[in-house]
Structure formats: structure tokens, C-alpha cells
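Engineer:
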Amino acid sequence: MGWQTDALCAQTDPEAFFPEKGGSTRDAKKVCGSCNVRAQCLEYALANDERFGIWGGLSERERRRLRKRAV
């Protein structure tokens, strides 16, 4: 997981990436949009079935939809 040291989220408030239910994900997704390791982050989240938080610019619901489309 060497990519995590290069992730922009490692330099920001982690709370933004794990909002309360119904909370805004906009700030986290904005950070992800500029991140050089976004693809690796998303791959990690999908491979490890991460169920909470923003990973690779996608929420848990968005990752679930992505998985369904891939099947």
C-alpha cells in the first residue's frame, strides 16, 4: 500500500472522507479529483470490499453500483 503515502487525503482531515450518514461528500471528492493515486485507491477499495468512506472518489453506494455493472 505504498500508494497511500502519496495520497492527497493523507494530508487532509480524514473526517471528510468518512462523513456521517447523509453528510456531504463534496470536499472529499474534490480532493480525490486532484489525486495522482486515485485509481490505485479505488482498486484497493474494490479489492478489499471497503464499505465505509470515500475511496478513489466514490462513495460506498457508488462503488456498489460499479461492482454490479462489472458482474
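Numbering (UniProt numbering), first residue to last: 1 to 71.
Every residue gets a Cβ at the ideal spot worked out from N, C-alpha and C, and that includes glycine.
1) Using a Cβ-Cβ cutoff of less than 7 Å, which residues in the same chain neighbour residue 8 once the five nearest sequence positions on both sides are dropped?
2) Which residue wins for smallest C-alpha separation from residue 55, given the options 14, 67, 45 and 20?
3) For residue 25, count neighbouring Cβ atoms within 10 angstroms of its own Cβ and tell me buried if that reaches 16, exposed if not.
4) For residue 37, count the other beta carbons within 10 Å of its own beta carbon; 16 or more makes it buried, fewer makes it exposed. Which is it?
5) Please state if the CB of residue 62 and the CB of residue 51 are separated by a distance shorter than 9 Å.
Structural biologist: Taking the coordinates as given:
1) 31, 34 and 35.
2) Nearest C-alpha to residue 55: 45.
3) buried
4) buried
5) Not closer than 9 Å, so no.
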